[in-house]
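Here the structure is laid out as structure tokens; the discussion comes afterwards.
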Amino acid sequence: MSTDFQPKSEFLRTLQERGYIHQCSDLAGVDEKAAAGELVAYIGFDCTAASLHIGSLVQIMMLRWLQKTGAGKPISLMGGGTTRVGDPSGRDESRQLLTVEQIEKNKDGIKQVFTKFLTFGDGKTDALMTDNAEWLTALKYLDFLRDVGRHFSVNRMLSMDSVRMRLERDQELSFIEFNYMCLQAYDFAELNRRLGVNLQMGGSDQWGNIVTGIDLGRRMGTPQLYALTSPLLTTASGAKMGKTASGAVWLNADMLPVYDYWQYWRNTEDADVGRFLRLFTELPMDEIRRLEALDGADINEAKKILANEATAMLHGREAAERAAETARKTFEEGVMATSLPTIEIPRAEFDAGVGVLSAFVKAGLVASTGEARRQIKGGGLRVNDVAASDERATLSASDLTGEGVVKLSLGKKKHVLLKPV
RNA sequence: GGGGGAAUGUCCCGAGCGGCAAAGGGGGCGGACUGUAAAUCCGCUGGCUAAGCCUUCGCAGGUUCGAGUCCUGCUUCCCCCA
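The opening residue of the first sequence carries number 149 in this note's numbering; numbering runs sequentially from there.
Structural data, given as structure tokens:
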């Protein structure tokens, strides 16, 4: 926001010109700390799934810039404790409580991604990972109420967006969810005590929770704490980012193949290219301005660069180039690339004869044989680039290409190789 | 405590005289057009060993040849009165 603020720190200047900033409790205060390299900033991540998805990428990038610009120390906080409670922010309905085992498993999956974006260690700007289960699970109810709870004003809590929304719509808000913001606020104060944290960042939906933490900190006698949130990202067409029909755009490669990740960025809408280049790559601003100015079909070049850069940051340069090459062969040369996502199937099963329908189901391109039938009617399925028309057909050795695979396609963009082993 | 509503296709919203695999949207997927974009138009949007069979309308029973629809009990939510 505050477009007229001129940051002197490289950190805030970068965040501002790249569009990461939605709201900040005190730009000048954060700027000063950043310039002195004295920020200790954290972002909390819920452990509701086994991997983070693109929706969390903006936040992760903020931590990365913090480190890269030498503004301070980035801390990624696993919500091992808070996830047991469940954040009501931005949700119409209560979410189902996850089991503790599930949360632990998710945590392991989520942790992986941070090592790709941040450098961990003990140095001043080295990143740190911690887990609020460490202190939250040990809390005693009465002690917590007396030491922390007395600082919360229910009047104020009721006016928070996340709460008010539920109340106004007469939707259930359980007591446990109501407590979420108390725990998150307590995290902020506790992290200040433990690690000297002075800044919490997050998505714009976290503003209320973060500010509540600042408030609690003041009442509990911490030094001044700061809040900085990023805008909620939607595509130019208004869709929430990170969700596709086949599920979220996961960051972990075992949940979304690198090729598919690359493709996600490659298919960015024209109108989003500039914004995404700023947020999800580290290309110099001059270069970005040049790329987003490209007209018509030329902007496809910018999309490829976006895909390359974004994929390289997460999965490594080499994997990104492989994905780019696979895409080039597939789309520009119309050749079959053996590096397309591959599903293996036991040789014996293949030799026994696999129906086209179930082959597409196995490949994960369709959810059921029924859907496969419908797609065939609509002309959406292809075997080795030839439209499938007979739903009773069976794949056999004669369908194998020189590389010993069968190429299955759904639409023009989704391809999977089926490989008997 | 009393009275009145509501719950529908496992993405969401929502219609539904006893003949219903269940209208219509949104979203999503596919096709056409393009540039692997957007917009637009068209099709599809319970499962299967598929001219048949099976499972779906909060839960459990009942009436009926036949129940999303009628009856009884229960659960949850909302509104009004106290």
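Don't be surprised by glycine CBs; every beta carbon is placed ideally from N, CA and C.
Owing to the predicted nature of the structure, the values given are computational and were not obtained by experimental measurement.
Check                                                                                                                                                                                 : Outcome
For the alpha helix (DSSP H) that contains Y409, what are its first and last residues?                                                                                                : V406 to R414
Kindly list the residues whose CB is nearer than 7 Å to the CB of Q215, restricted to its own chain and excluding five residues on each side of it in sequence; keep chain order.     : P222, L266, T267, T273 and A275
Is E186 helix, strand or coil when you go by DSSP?                                                                                                                                    : coil
Please determine, among R232, S307 and V302, the residue with the shortest C-alpha to C-alpha distance to D285.                                                                       : Note that residue 285 corresponds to Thr in the displayed sequence, not to Asp. Of the candidates R232, S307 and V302, the one whose C-alpha sits nearest the C-alpha of T285 is R232.
Could you tell me if P155 is buried or exposed, where buried requires 16 or more neighbouring beta carbons within 10 angstroms of its beta carbon?                                    : buried
Taking the alpha carbon of G271 as the point to measure from, which residue in A467, R341, I202 and A219 has its own alpha carbon closest?                                            : A219
DSSP three-state call for C195: helix, strand or coil?                                                                                                                                : coil
Using the C-alpha atoms, what's the distance from L200 back to A545?                                                                                                                  : 40 Å
If you run the structure through DSSP and keep just helix, strand and coil, what is M484?                                                                                             : coil
Can you pull the DSSP bridge partners for A176?                                                                                                                                       : DSSP, once it has assigned bridges, lists no residue as partnering A176.
Enumerate in chain order the residues of its own chain whose CB-to-CB distance from L565 is below 6 Å, with the five nearest sequence positions on each side excluded.                : L488, T490, V553 and K555
Please work out which residues of its chain come closer than 6 Å, Cβ to Cβ, to P568, disregarding the five sequence neighbours upstream and downstream, and give them in chain order. : I493, R495 and F498
So, under 8 Å CB-CB, L380 and G351 are touching, yes? Tell me the CB distance rounded to an integer number of Å.                                                                      : 6 Å
In this structure, how does DSSP classify F300 when only helix, strand and coil are distinguished?                                                                                    : coil
When you compare each of A182, L211 and L558 to S512 by their alpha carbons, which one comes out closest?                                                                             : Correcting the residue identity first, residue 512 is Gly in this sequence and not Ser. The option with the nearest alpha carbon to G512 is L558.
Let me know if K560 comes out buried or exposed under the rule of 16 or more other beta-carbons within 10 Å of its beta-carbon.                                                       : exposed
According to DSSP, what are the bridge partners of H170?                                                                                                                              : BP columns for H170 are empty, so no partner.
Under a three-way DSSP split, which group does A450 fall into?                                                                                                                        : helix
Out of N254, I208 and D547, which has the shortest C-alpha to C-alpha gap to T377?                                                                                                    : I208
For the alpha helix (DSSP H) that I324 lies in, which residues bound it at each end?                                                                                                  : F323 to F326
Give the DSSP-derived three-state secondary structure of E435 in the structure shown.                                                                                                 : helix
Between the segment 428 to 435 and the segment 465 to 478, can you find at least three pairs of beta-carbon atoms closer than 8 Å?                                                    : no
Entirely within the segment 204 to 238 and at least 4 residues each: give me those alpha helix (DSSP H) ranges in chain order.                                                        : 205 to 216
Give me the Cα-Cα distance between S204 and F193, rounded to the nearest whole angstrom.                                                                                              : 8 Å
Please state if the CB of W410 and the CB of A472 are separated by a distance shorter than 8 Å.                                                                                       : yes
Here's the rule: buried if 16 or more other CB atoms are within 10 angstroms of the residue's CB, otherwise exposed. What is R212?                                                    : buried
So is A535 buried or exposed if we call it buried at 16+ other beta carbons inside 10 Å?                                                                                              : exposed
Classify K288 as buried or exposed, calling it buried when 16 or more other Cβ atoms lie within 10 Å of its own Cβ.                                                                   : exposed
Should D240 be labelled buried (16 or more other beta-carbon atoms within 10 Å of its own) or exposed?                                                                                : Caution is warranted here: a pLDDT of 46 is assigned to D240, below 50, making its placement in the model unreliable, and no coordinate value can be reported.
With 16 as the cutoff for other CB atoms within 10 Å, does S157 come out buried or exposed?                                                                                           : buried
Looking only at its own chain, which residues have a Cβ that is under 8 Å from the Cβ of T370, when we skip the five neighbours before and after it?                                  : A337, N340 and R341
Determine, using beta carbons only, whether E449 and L425 come nearer to each other than 8 Å.                                                                                         : no
Identify which residue in V406, W398, N400 and K451 has its Cα closest to the Cα of A419.                                                                                             : K451
Do E539 and V502 have their C-beta atoms within less than 8 Å of each other?                                                                                                          : no
At which residue ranges does the segment 496 to 527 contain complete alpha helix (DSSP H) runs of 4 or more residues, listed in the order of the chain?                               : 504 to 510 and 517 to 525
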